[in-house]
Amino acid sequence: MPEWIYFFDLCGTAVFALSGALAAGRHKMDPFGVIVLASVTAVGGGSIRDTLMGATPVFWINDPTYIIVILSTVLLTILLVRKPKRVPQKVLPIADALGLALFTIIGAEKALSMGLSGMSAVIMGLITGVGGGIIRDILCRQVPMVLRTEIYATASIAGGIGYTCSLSFGMADLSAMFLAMSTAFAIRLAAITWHLSLPAFDLRSQKPK
Amino acid sequence: MPEWIYFFDLCGTAVFALSGALAAGRHKMDPFGVIVLASVTAVGGGSIRDTLMGATPVFWINDPTYIIVILSTVLLTILLVRKPKRVPQKVLPIADALGLALFTIIGAEKALSMGLSGMSAVIMGLITGVGGGIIRDILCRQVPMVLRTEIYATASIAGGIGYTCSLSFGMADLSAMFLAMSTAFAIRLAAITWHLSLPAFDLRSQKPK
Amino acid sequence: MPEWIYFFDLCGTAVFALSGALAAGRHKMDPFGVIVLASVTAVGGGSIRDTLMGATPVFWINDPTYIIVILSTVLLTILLVRKPKRVPQKVLPIADALGLALFTIIGAEKALSMGLSGMSAVIMGLITGVGGGIIRDILCRQVPMVLRTEIYATASIAGGIGYTCSLSFGMADLSAMFLAMSTAFAIRLAAITWHLSLPAFDLRSQKPK
Numbered sequence: 001m002p003e004w005i006y007f008f009d010l011c012g013t014a015v016f017a018l019s020g021a022l023a024a025g026r027h028k029m030d031p032f033g034v035i036v037l038a039s040v041t042a043v044g045g046g047s048i049r050d051t052l053m054g055a056t057p058v059f060w061i062n063d064p065t066y067i068i069v070i071l072s073t074v075l076l077t078i079l080l081v082r083k084p085k086r087v088p089q090k091v092l093p094i095a096d097a098l099g100l101a102l103f104t105i106i107g108a109e110k111a112l113s114m115g116l117s118g119m120s121a122v123i124m125g126l127i128t129g130v131g132g133g134i135i136r137d138i139l140c141r142q143v144p145m146v147l148r149t150e151i152y153a154t155a156s157i158a159g160g161i162g163y164t165c166s167l168s169f170g171m172a173d174l175s176a177m178f179l180a181m182s183t184a185f186a187i188r189l190a191a192i193t194w195h196l197s198l199p200a201f202d203l204r205s206q207k208p209k
Numbered sequence: 001m002p003e004w005i006y007f008f009d010l011c012g013t014a015v016f017a018l019s020g021a022l023a024a025g026r027h028k029m030d031p032f033g034v035i036v037l038a039s040v041t042a043v044g045g046g047s048i049r050d051t052l053m054g055a056t057p058v059f060w061i062n063d064p065t066y067i068i069v070i071l072s073t074v075l076l077t078i079l080l081v082r083k084p085k086r087v088p089q090k091v092l093p094i095a096d097a098l099g100l101a102l103f104t105i106i107g108a109e110k111a112l113s114m115g116l117s118g119m120s121a122v123i124m125g126l127i128t129g130v131g132g133g134i135i136r137d138i139l140c141r142q143v144p145m146v147l148r149t150e151i152y153a154t155a156s157i158a159g160g161i162g163y164t165c166s167l168s169f170g171m172a173d174l175s176a177m178f179l180a181m182s183t184a185f186a187i188r189l190a191a192i193t194w195h196l197s198l199p200a201f202d203l204r205s206q207k208p209k
Numbered sequence: 001m002p003e004w005i006y007f008f009d010l011c012g013t014a015v016f017a018l019s020g021a022l023a024a025g026r027h028k029m030d031p032f033g034v035i036v037l038a039s040v041t042a043v044g045g046g047s048i049r050d051t052l053m054g055a056t057p058v059f060w061i062n063d064p065t066y067i068i069v070i071l072s073t074v075l076l077t078i079l080l081v082r083k084p085k086r087v088p089q090k091v092l093p094i095a096d097a098l099g100l101a102l103f104t105i106i107g108a109e110k111a112l113s114m115g116l117s118g119m120s121a122v123i124m125g126l127i128t129g130v131g132g133g134i135i136r137d138i139l140c141r142q143v144p145m146v147l148r149t150e151i152y153a154t155a156s157i158a159g160g161i162g163y164t165c166s167l168s169f170g171m172a173d174l175s176a177m178f179l180a181m182s183t184a185f186a187i188r189l190a191a192i193t194w195h196l197s198l199p200a201f202d203l204r205s206q207k208p209k
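Protein chains in written order, with UniProt numbering: chain A, 1 to 209; chain B, 1 to 209; chain C, 1 to 209.
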């Protein structure tokens with residue numbers, strides 16, 4: 001993996017670890033519980049991706065850097081974020097959108113480098129991007145953010161398709177990556193800012209059996 | 001895999017994708033959220049089965065047909081099922097029962113073809129049959145259908161045992177498959193129709209700690 | 001695996017299967033549902049550990065003993081625990097603490113025997129110890145016990161660190177194992193008895209977005 005991809009990957013890890021640690025704080029967990037929730041949020045998606053592709057042991061087992069980044073993020077979060085009001089309300093969604101964009105492209109890149117098809121690469125990007133957040137939300141008993149009607153899975157899928165298409169049109173890897181990351185990030189950010197959503201598929205008047 | 005097994009597998013995939021898409025509609029999700037929920041319902045169980053057995057990359061990664069079937073099902077569902085009343089109340093449970101039966105036998109068949117024991121094959125059939133539905137229900141914050149007192153895991157286990165026993169008694173693969181699928185489907189259908197249930201293990205008067 | 005480790009492993013399996021079966025009883029499940037919940041509780045953590053490490057097929061697939069232990073435990077639980085009052089209120093937490101200690105050390109031991117680093121071994125011990133219980137609690141729609149503020153993940157991590165450090169200081173495997181198991185068990189038991197908890201990371205006054 002080129003160094004700058006690795007650097008992005010660690011940034012995404014820190015961002016998702018922060019989002020997991022803040023969610024843990026909202027459920028009043030002890031420090032080791034915070035570590036657990038931050039960790040599953042940060043490496044959950046990539047772990048599912050690697051086990052599905054058979055790329056085991058999964059990426060963080062033989063590289064302690066990921067765990068060190070998570071532990072440092074948790075430590076800094078616990079030390080610095082003692083008062084909720086110090087966290088501006090928009091920080092978490094924006095950080096989450098950045099993590100989503102970074103992880104989507106890194107996941108798709110890893111899938112392509114293992115010889116998977118473009119369609120599978122888009123799916124692996126999606127799993128990497130949304131997997132950790134889904135586990136975080138399930139553990140906190142919230143309906144996963146990805147299932148709510150704001151554009152979330154959509155941003156990841158758009159980024160993944162943008163990345164694989166750019167590559168197949170002959171764009172350089174680095175340019176394709178930046179373009180696709182910006183696309184996914186911009187779509188998600190626009191959805192947060194203007195509360196955009198696609199027309200929803202709504203059967204709610206039908207009572208669940 | 002013989003072609004007719006493959007055909008059944010795609011039918012089960014469509015049926016479970018439909019059940020996931022309908023569940024998504026009841027939670028008012030956007031189209032890409034519907035795709036995510038339909039996909040995990042359709043290929044979740046088989047993915048868990050393959051990762052536990054070490055049959056990676058999992059089955060749908062190198063065969064785009066499964067994803068295409070899911071996307072087509074989601075598209076048709078969104079286009080055709082605009083009004084809840086058009087879905088007769090019994091369609092989803094019956095489709096779900098058919099998917100359960102198909103996936104159970106296909107999962108057991110794959111386990112046996114990889115050299116696993118009969119007991120492990122029954123378990124792999126169960127995981128294939130109920131795994132996707134459990135993930136769907138967890139993501140929608142429902143107690144999984146498999147955990148409710150109607151006969152559900154029971155039907156899958158009965159089908160799996162029927163299949164492995166029929167084979168060990170020398171029955172031809174095709175006959176054993178049809179027999180076991182019919183058994184699992186009939187048991188689940190009977191449970192739905194007449195609200196059958198096994199005597200439950202009930203400790204509810206004991207307050208959870 | 002030495003025989004006495006195997007024996008401990010089966011003890012932990014029975015203990016976690018009991019905890020899953022009792023949880024199933026509190027949700028009034030049918031016998032096969034009880035088997036499903038007891039099984040995921042008992043082998044869920046170890047299965048996640050094995051798939052992440054790439055040690056597939058996972059441990060219980062080629063050794064029917066684990067399934068037999070689970071089925072026997074479920075049978076005994078259903079036959080003997082007909083009246084909730086017969087289960088003293090402290091039995092489940094103490095059994096759970098014992099299972100946590102046993103599975104943590106066994107998971108760390110397996111990771112080290114596969115050549116993983118000490119840090120990864122601690123994490124694999126944690127996953128083995130808490131994974132099954134987390135799946136049990138999610139399926140029952142409870143916030144996982146590991147996320148509540150009583151010392152839980154803490155006990156497992158302490159045990160795992162104790163085990164790997166003892167080994168690196170040259171202690172014999174058997175002694176290190178007993179020492180670390182006792183440590184984890186004692187910490188968790190003390191937390192239950194005196195309602196100990198670490199100072200929590202509390203951001204609850206911040207409303208979830």
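Glycine is no exception: its CB is placed at the ideal position from the N, C-alpha and C atoms.
Tell me the start and end of each unbroken alpha helix (DSSP H) in the UniProt domain "Glycine transporter" (7-80) of chain B that is at least 4 residues and wholly inside, in chain order.
Here the runs fully enclosed are 31-53, 65-80.
Check Phe-201 (chain B) in the structure and name its three-state DSSP category.
Looking at Phe-201 (chain B) - three-state DSSP - the assignment turns out to be strand.
Looking at chain A, is there any beta carbon in it that lies within less than 8 Å of the beta carbon of Arg-49 (chain C)?
Chain A contact via Cβ: absent.
Just to make sure I have the definition right: I need the residues of chain B whose C-beta is within less than 7 Å of the C-beta of Val-58 (chain C). Which are they?
Within chain B, the residues near Val-58 (chain C) are Leu-52.
Quick one: list the residues of chain C neighbouring Phe-32 (chain A), beta-carbon separation under 7 Å, in chain order.
Neighbours of Phe-32 (chain A) in chain C, taken as residues whose beta carbon is under 7 Å from its own, are Ala-153, Thr-154, Ile-157 in chain order.
Closest to Val-146 (chain C) by C-alpha separation, out of A:Asp-173, A:Val-36, A:Ile-70, A:Leu-112, would be which residue?
Of the candidates A:Asp-173, A:Val-36, A:Ile-70, A:Leu-112, the one whose C-alpha sits nearest the C-alpha of Val-146 (chain C) is A:Val-36.
Anticipated Cβ contact below 8 Å, Phe-59 (chain A) with Gly-46 (chain A), distance rounded:
Contact check for Phe-59 (chain A) and Gly-46 (chain A): beta-carbon distance about 6 Å, within the 8 Å limit, so the pair qualifies.
Below 8 Å between beta carbons: does that hold for Ser-156 (chain B) and Ala-190 (chain B)?
For the pair Ser-156 (chain B) and Ala-190 (chain B), the CB atoms are not nearer than the 8 Å cut-off.
Chain-ordered residues of the segment 113-124 of chain C with a beta carbon less than 9 Å from chain B
Here the close residues number zero.
Could you give the distance in angstroms between the alpha-carbon of Tyr-152 (chain A) and the alpha-carbon of Arg-188 (chain A)?
The alpha-carbon of Tyr-152 (chain A) is positioned some 6 Å away from that of Arg-188 (chain A).
Verify the CB distance criterion: does Pro-199 (chain B) have a CB-CB separation below 8 Å to chain A?
Not closer than 8 Å to any Cβ of chain A, the Cβ of Pro-199 (chain B) fails to qualify, so no.
If you check the beta carbons only, do Thr-164 (chain C) and Asp-30 (chain A) fall under 8 Å apart?
No, Cβ-Cβ distance for Thr-164 (chain C) and Asp-30 (chain A) is not below 8 Å.
Using 8 Å as the threshold, is the C-beta distance between Ala-38 (chain A) and Ile-78 (chain A) below it?
Contact flag unset, no.
I want to see whether chain C comes within less than 8 Å of Ile-37 (chain B), judged by CB atoms only; does it?
According to the sequence as given, residue 37 (chain B) is Leu; it is not Ile. So no, Leu-37 (chain B) is outside the interface.
Quick check on Gln-206 (chain B) - is its C-beta less than 8 Å from some C-beta in chain C?
Only weak support exists for where Gln-206 (chain B) lies, its pLDDT of 48 falling under 50; the value from the coordinates is given anyway. Answer yes: the Cβ-Cβ gap between Gln-206 (chain B) and chain C drops below 8 Å somewhere.
Please look up how many angstroms separate the CB atoms of Gly-33 (chain B) and Ala-24 (chain B), rounded, as I've assumed it's under 8 Å.
Right, their Cβ atoms sit about 6 Å apart.
How about Ile-106 (chain A): is its C-beta nearer than 8 Å to some C-beta of chain B?
Any Cβ of chain B closer than 8 Å to the Cβ of Ile-106 (chain A) would place that residue at the interface, and such an atom is absent.
Going along chain A in order, which residues have a C-beta closer than 8 Å to the C-beta of Gly-131 (chain B)?
In chain order: nothing, as chain A lies at least about 13 Å away.
Please tell me whether Lys-110 (chain B) has its Cβ less than 8 Å away from any Cβ of chain A.
So, not an interface residue.
Around the Cβ of Trp-194 (chain A), are there at least 16 other Cβ atoms within 10 angstroms (buried) or fewer (exposed)?
Classification of Trp-194 (chain A): exposed, given that the 10 Å Cβ count is below 16.
Of the residues B:Leu-198, B:Gly-99, B:Asp-9, B:Ala-158, which one's Cα is nearest the Cα of Glu-150 (chain B)?
The residue with the shortest Cα to Cα distance from Glu-150 (chain B) is B:Leu-198.
Taking buried to mean at least 16 other C-beta atoms within 10 Å of its own C-beta, is Arg-136 (chain B) buried or exposed?
Looking at its Cβ environment, which holds 16 or more other Cβ atoms inside 10 Å, Arg-136 (chain B) is buried.
CA-to-CA distance, Ala-21 (chain A) to Ala-200 (chain C), given in whole angstroms
The alpha-carbon separation between Ala-200 (chain C) and Ala-21 (chain A) amounts to approximately 12 Å.
Quick check on Val-81 (chain A) - is its C-beta less than 8 Å from some C-beta in chain C?
Closer than 8 Å: yes.
DSSP on Pro-208 (chain B), reduced to helix/strand/coil?
Confidence is the limiting factor: at Pro-208 (chain B) the pLDDT is only 48, short of 50, which leaves the residue's position unreliable, though a coordinate-based value still follows. Coil.
Of the residues C:Ile-48, C:Arg-49, C:Gly-107, which one's Cα is nearest the Cα of Met-181 (chain C)?
Nearest of C:Ile-48, C:Arg-49, C:Gly-107 to Met-181 (chain C), Cα basis: C:Gly-107.
Taking Thr-65 (chain C) as the reference, give the member of B:Met-177, B:Met-119, B:Ser-175 with the closest Cα.
Taking only the C-alpha atoms, the option nearest Thr-65 (chain C) is B:Met-119.
Contact residues within the segment 166-179 of chain A, judged by C-beta distance below 9 Å to chain B
From the segment 166-179 of chain A, no residue has a Cβ closer than 9 Å to chain B.
For the segment 3-27 of chain A, list every residue whose C-beta sits within 7 Å of some C-beta in chain C, in sequence order.
Cβ proximity to chain C below 7 Å picks out Leu-22, Ala-24, Gly-25, Arg-26, His-27 from the segment 3-27 of chain A.
Limits of the alpha helix (DSSP H) - the one that Gly-115 (chain B) falls within:
In the DSSP assignment, Gly-115 (chain B) falls outside any alpha helix (DSSP H) and carries neither an H nor an E.
Would Arg-18 (chain A) and Ala-97 (chain A) be called neighbours here (beta carbons separated by less than 8 Å)?
For the record, residue 18 (chain A) in the displayed sequence is Leu; it is not Arg. Result no, Cβ atoms of Leu-18 (chain A) and Ala-97 (chain A) do not sit closer than 8 Å.
Taking all protein chains shown into account, do 16 or more other C-beta atoms lie within 10 angstroms of the C-beta of Lys-90 (chain A), making it buried, or fewer, making it exposed?
The residue in question, Lys-90 (chain A), is exposed, as its Cβ has fewer than 16 Cβ neighbours within 10 Å.
What first and last residue would you give for the alpha helix (DSSP H) that runs through Leu-174 (chain C)?
Where Leu-174 (chain C) is concerned, the enclosing alpha helix (DSSP H) stretches over 173-194.
Does Lys-209 (chain B) get closer than 8 Å to chain C when you measure Cβ to Cβ?
Because the pLDDT of Lys-209 (chain B) is 45, which lies under 50, any placement of that residue in the model is unreliable, and the number read from its coordinates should be weighed accordingly. At least one chain C Cβ lies under 8 Å of Lys-209 (chain B).
Establish whether the CB of Pro-144 (chain A) and some CB of chain C are separated by less than 8 Å.
Not an interface residue.
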